[in-house]
(Lines of atoms letter the chains of each structure in order from A; the text may use other names.)
(Lines give C-alpha, C1' and ligand atoms only; values in the text may rest on other atoms or scores of the structure.)
Protein backbone atom coordinates (compact mmCIF):
# COMPACT_ATOMS: atom_id res chain seq x y z
CA UNK A 163 0.00 0.00 0.00
CA UNK A 164 1.14 3.52 -0.72
CA UNK A 165 1.30 6.22 1.89
CA UNK A 166 -1.23 9.02 1.71
CA UNK A 167 1.04 12.07 1.64
CA UNK A 168 4.26 10.55 0.33
CA UNK A 169 4.84 9.20 -3.14
CA UNK A 170 6.38 5.96 -2.02
CA UNK A 171 5.20 2.62 -0.83
CA UNK A 172 4.76 1.54 2.73
CA UNK A 173 6.67 -1.15 4.54
CA UNK A 174 3.93 -3.71 5.04
CA UNK A 175 4.52 -7.33 4.16
CA UNK A 176 5.29 -10.63 5.78
CA UNK A 177 8.62 -11.04 7.51
CA UNK A 178 10.20 -13.93 9.35
CA UNK A 179 10.27 -13.67 13.15
CA UNK A 180 13.40 -11.98 14.44
CA UNK A 181 14.49 -15.03 16.44
CA UNK A 182 14.48 -17.19 13.28
CA UNK A 183 16.66 -14.67 11.47
CA UNK A 184 19.29 -14.81 14.20
CA UNK A 185 19.40 -18.57 14.67
CA UNK A 186 20.85 -20.90 12.10
CA UNK A 187 19.15 -23.99 13.56
CA UNK A 188 15.56 -25.17 13.40
CA UNK A 189 13.22 -24.26 16.27
CA UNK A 190 12.59 -26.86 18.98
CA UNK A 191 8.95 -27.35 18.02
CA UNK A 192 9.73 -28.67 14.52
CA UNK A 193 8.86 -32.38 14.56
CA UNK A 194 10.14 -33.85 11.25
CA UNK A 195 13.80 -34.78 10.98
CA UNK A 196 16.00 -33.64 8.12
CA UNK A 197 15.74 -37.02 6.36
CA UNK A 198 11.94 -36.92 6.54
CA UNK A 199 11.89 -33.39 5.13
CA UNK A 200 14.23 -34.34 2.26
CA UNK A 201 12.10 -37.37 1.36
CA UNK A 202 8.96 -35.22 1.51
CA UNK A 203 10.59 -32.65 -0.82
CA UNK A 204 11.33 -35.36 -3.39
CA UNK A 205 7.83 -36.83 -3.00
CA UNK A 206 6.17 -33.44 -3.56
CA UNK A 207 8.40 -32.82 -6.59
CA UNK A 208 7.26 -36.15 -8.06
CA UNK A 209 3.69 -34.87 -7.68
CA UNK A 210 4.61 -31.99 -10.00
CA UNK A 211 5.03 -29.11 -7.55
CA UNK A 212 7.61 -26.37 -8.08
CA UNK A 213 10.19 -25.51 -5.43
CA UNK A 214 8.21 -22.55 -4.10
CA UNK A 215 5.03 -24.63 -3.94
CA UNK A 216 6.97 -27.33 -2.07
CA UNK A 217 8.09 -24.77 0.51
CA UNK A 218 4.56 -23.48 0.97
CA UNK A 219 3.13 -27.00 1.30
CA UNK A 220 5.78 -27.96 3.88
CA UNK A 221 5.11 -24.77 5.84
CA UNK A 222 1.33 -25.10 5.85
CA UNK A 223 0.79 -28.86 6.09
CA UNK A 224 3.86 -30.26 7.84
CA UNK A 225 4.84 -27.32 10.12
CA UNK A 226 8.32 -26.86 8.65
CA UNK A 227 9.09 -23.13 8.90
CA UNK A 228 12.23 -23.28 6.76
CA UNK A 229 13.66 -26.24 4.87
CA UNK A 230 17.10 -24.63 5.02
CA UNK A 231 17.03 -24.41 8.82
CA UNK A 232 15.88 -28.03 9.22
CA UNK A 233 18.09 -29.73 6.62
CA UNK A 234 20.93 -27.26 6.14
CA UNK A 235 20.23 -27.25 2.38
CA UNK A 236 17.94 -25.31 0.09
CA UNK A 237 15.07 -27.03 -1.71
CA UNK A 238 16.75 -26.66 -5.10
CA UNK A 239 19.99 -28.21 -3.85
CA UNK A 240 18.05 -31.19 -2.44
CA UNK A 241 16.35 -31.61 -5.81
CA UNK A 242 19.70 -31.33 -7.63
CA UNK A 243 21.17 -34.08 -5.45
CA UNK A 244 18.23 -36.34 -6.27
CA UNK A 245 18.39 -35.31 -9.96
CA UNK A 246 14.85 -33.92 -9.83
CA UNK A 247 15.69 -30.27 -10.52
CA UNK A 248 14.35 -28.60 -13.63
CA UNK A 249 16.70 -27.49 -16.38
CA UNK A 250 15.64 -23.83 -16.11
CA UNK A 251 15.29 -21.83 -12.89
CA UNK A 252 11.73 -21.43 -11.64
CA UNK A 253 11.65 -17.65 -12.01
CA UNK A 254 12.63 -17.85 -15.69
CA UNK A 255 9.97 -20.51 -16.30
CA UNK A 256 7.38 -18.23 -14.71
CA UNK A 257 8.48 -15.31 -16.91
CA UNK A 258 8.21 -17.49 -20.02
CA UNK A 259 4.71 -18.63 -19.04
CA UNK A 260 3.70 -15.02 -18.42
CA UNK A 261 5.02 -13.96 -21.84
CA UNK A 262 3.07 -16.77 -23.50
CA UNK A 263 -0.13 -15.73 -21.70
CA UNK A 264 0.37 -12.11 -22.78
CA UNK A 265 1.08 -13.13 -26.38
CA UNK A 266 -2.02 -15.33 -26.41
CA UNK A 267 -4.08 -12.46 -25.02
CA UNK A 268 -2.90 -10.06 -27.70
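Residue numbers (the working numbering): 163 to 268. Built from N, CA and C at the ideal position, the CB exists for glycine as well. As the structure is a prediction and not an experimental result, all values here were calculated from the model.
query	result
How far does the alpha helix (DSSP H) with residue 255 in it reach, from first residue to last?	252 to 267
Among 213, 228, 214, whose alpha-carbon lies nearest the alpha-carbon of residue 186?	228
Nearest-angstrom Cα distance between residue 154 and residue 193?	Outside the modelled stretch of the chain, which goes from 163 to 268, sits residue 154, for which no answer is possible.
Roughly how many whole angstroms lie between the Cα atoms of residue 178 and residue 223?	18 Å
Of all the options 260, 210, 235, which has the alpha carbon lying nearest to the alpha carbon of residue 248?	210
Assign residue 196 to one of three DSSP states: helix, strand, or coil.	helix
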